[in-house]
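Take a look at the structure set out below.
In the numbering used here, the protein residues as written are 5 to 982.
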């Protein structure tokens, strides 16, 4: 992922490594100090390497997820297109023959490797082998010359289809159709061509690749290839005509040929002349590859956003460790500074030590990151299967690119180097005499004049930028600019107010703004970008932890009596809270790690709960009482199918049938997110037939949902959309409103009309095609009259909505209707079960993200373990003195366990409260939750399980250090430091 970042990241990493090598060569004393510390403290080094390793693994894992999805979607180009770059679909009749003749000379075009004519029709099939028989209503029947097909495309390339033509009475089927029908070579199969059954025998089964997987827009095509003349004969017998389809292969390979698409498309239009207005010129390869990049970038960015919190936790772990190292070695550093070592050399020593840890963690981090990406891919494959329509989901295939590995490695190392360098500079600033005497640092009287001037100027600048940003609801700046203005104003406030008052006020104000920004500016989430969520979570966690850390003594007042008890337990409790209160920075850094990760885990848990609670309302809004969506072949069904539904064997189980008019169109994006036209499934609704499907937004003046449907019927200039129209990934937002316009175009004739959005549907799932043949299109709902006027003969009754009679099972009725109307290729989709299945898949996807984020929780727990290990070493002499005064080993052990429990519980509670509160504010104000009217549930069980597991893991991480502390011998501890 992100090949454009590769060169800058590698250049930055090369500069950083060169600087480190230069420091190591020019400062031998710093080098020896650094490497000696790494060798002496092996246990601590292993923990530091583990934390840094997880940070790198999370970055690489997120990028590998993006690689996998990108590769999986691109594989669609190999499976369903192969050498096909453009597709020209002509209507049945003489136009098809004329188009084929005009396209033939293009074979000599230097930009084109081949032109292949084929005939196709929608069909259905029944397996004649086995018991019971198996039916498949979604079949594409093709007639093409296998010899020409084998030579189609780049010289020496594999078109995916070759060998001899099937003999009369025999067919070649591809693997998806063979699996669906459970047939193999030699088995009989019955095909319904133009509604007339015919029995054939399978000659061979070919892999789904290139022309053998080709279709008219679906991700999975169940293809059957007929003997020459078979399809034409069946069409003549039925008084029908198959579609004429011409495939064009651009010069180059499967992916490289896409670069010539625009030029070749122009050549095709020129060759067709006046016939171009009667045909559909499609560019499926360009669409598939564009979707692949978009899907990979979107999902990769989503996991990188989730991983960002873990990366922040990893960086804080490094900061915390080096702050503790600085505290532990304060006397040593004071002495080496006293004998003449420059501050820069001390910074170099710490930086080299930290860089060593980071470099040692790099390769294991890469391996773990790739393994994490593979695990996510395995789980995601099952989830995407749940989102499929007719088996047309993206088929996940694991992939990893060197670009992502290098990008992830460079990001991980650069983040670690930056954290280490910043911390090294901070801990190198100390009073030499105070350090030698091991005296506590005393805060200065106030900020320096230069700092005061610079910070005040930056505060004014950020405040100035914040005003228009908040007014325009710019996502990142709305959160960031006011917070930065407050932070930069801190030095000026310290001149007039006490430090505690300033810290509490600034942290409280930042936290309040972070939580209330969605209330003040609810449109800040109307963006596909993930960065706004990272900024929101980081600001909430950091400001809350600063607020709590600065007011710990106040928070502990309710338990003061417990702490002051003159018992062994009270003594252990006082020891447990004394160190966190005295070392606020390192306690705060550990708290931030816990708070960040628990905050996001709880937020994801709450969103999953909202989705589950809202599914019943979504079903009611989306169905309006309809139970089934029927999709069928209009060329065969005609008016007969609707008559059968209303008066046939299943009529008593059907209460209402509402036919829909369907056409394929293209539309501009009313949200102005893309300049590319969007593929649309235009749905024409009969006047007055639908009034119960609800809207989340309506045009001013349309007071209720029925009024919107009435406006649609009375004015052909109105359309309605659903909330996901033009969605490119990321959370659903509010990108367009009733009253906005779009241009709807018939791609065959080029005729366009401007439409006004009359309403935005609460849920438009019933209007999405149910066959999987148009898996990347968005529905545009108009009146039946308006659809027929714009699209002419292309607008046909190809689907219907059905209300079942009371007591009828939609699933059972759907299965029976598919059997009764198999000749019409009818596909019955039970609407409610389909919606619930997709909601279950969405919940599973949130669980997958929670599992990915659990790595960050591991970073936090490792961080607590490192803090406790370091605390034991740092407080070795103190523990020895306490033991010499009579403190029992059990008391020391208990104090360390309670100390880690205090930090863990505080972080868990703070993260949980922030997670629940933030989700509630988002639910109440963000357009992403519109339509989920099931209320806001607090997932007590899941949150308690999460809290208990985190607490238990934290205790396990500190049992070892606590035992080591209890085992310290007083006589040795008070005499030596190691």
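From the three backbone atoms N, C-alpha and C, an ideal C-beta is built for every residue, glycine too.
The structure presented is a predicted model; accordingly, all values stated were derived computationally and were not measured.
Query: Same chain, Cβ closer than 6 angstroms to residue 849, five either side skipped, listed in chain order; Result: 387
Query: Residues sharing a beta bridge with residue 630, DSSP; Result: None; residue 630 has no bridge partner.
Query: Simplified DSSP state of residue 718, which is helix, strand or coil; Result: helix
Query: Through-space distance from residue 916 to residue 779, alpha-carbon basis; Result: For residue 779, the predicted structure reports a pLDDT of 48, less than 50, and the residue's modelled location is therefore unreliable. The matter cannot be settled from this model.
Query: Residues of its chain near residue 283, where Cβ-Cβ distance is below 7 angstroms and the 5 sequence neighbours each way are ignored; Result: 92, 93, 94, 103, 276 and 752
Query: Same chain, Cβ closer than 7 angstroms to residue 802, neighbours up to 5 away in sequence not counted; Result: 635, 636, 638 and 666
Query: Counterpart residues of residue 808 in DSSP-defined beta bridges; Result: 658
Query: Neighbourhood of residue 837 by C-beta distance below 8 angstroms, restricted to the same chain and skipping five residues each side; Result: 814 and 815
Query: Proximity of residue 358 and residue 27 at Cβ, strictly below 8 angstroms; Result: no
Query: Residue 233 to residue 216 span [Cα, whole Å]; Result: 19 angstroms
Query: Contacting residues, own chain, Cβ-Cβ under 8 angstroms from residue 584 (five flanking each side not counted); Result: 556, 591, 903, 906 and 907
Query: Bridge-paired residues (DSSP) for residue 782; Result: 684
Query: For residue 834, the residue or residues it bridges with in DSSP; Result: 632
Query: Under 8 angstroms between C-beta atoms of residue 712 and residue 762; Result: yes
Query: Beta-bridge partners of residue 254, as assigned by DSSP; Result: 116
Query: Which of helix, strand or coil DSSP assigns to residue 201; Result: strand
Query: Proximity winner among 78, 281 and 179, relative to residue 262 (alpha-carbon distances); Result: 78
Query: With 16 other Cβ atoms within 10 Å as the buried cut-off, status of residue 346; Result: exposed
Query: With 16 other Cβ atoms within 10 Å as the buried cut-off, status of residue 620; Result: exposed
Query: DSSP state of residue 669 mapped onto helix, strand, coil; Result: strand
Query: Outcome for residue 708 when other beta-carbon atoms lying within 10 angstroms are tallied against a minimum of 16; Result: exposed
Query: Cα-Cα separation, residue 820 to residue 658; Result: 12 angstroms
Query: Outcome for residue 889 when other beta-carbon atoms lying within 10 angstroms are tallied against a minimum of 16; Result: exposed
Query: Residues sharing a beta bridge with residue 726, DSSP; Result: 765
Query: Beta-carbon proximity of residue 272 to residue 90, cut-off 8 angstroms; Result: yes
Query: CA nearest to the CA of residue 785, picked from 769, 249 and 797; Result: 769
Query: Reduced DSSP category for residue 708 - H, G, I as helix; E, B as strand; rest coil; Result: coil
Query: Residue 746 - containing beta strand (DSSP E), residue span; Result: 745-749
Query: Delimiting residues of the alpha helix (DSSP H) encompassing residue 473; Result: 453-475
Query: Nearest residue (CA-CA) to residue 688, options 788, 743 and 286; Result: 788
Query: Residue 59 versus residue 21 - alpha carbon distance; Result: 19 angstroms
Query: Local conformation of residue 432 per DSSP, three classes; Result: coil
Query: Collapsed DSSP secondary structure at residue 522 in the structure displayed; Result: helix
Query: Which listed residue (228, 340, 254 and 56) has its alpha carbon closest to that of residue 189; Result: 228
Query: Cutoff 8 angstroms: residue 889 Cβ touching any chain D Cβ; Result: Any reference to chain D falls outside this structure, which holds one protein chain only.
Query: Per-residue DSSP class, three states only, for residue 92; Result: strand
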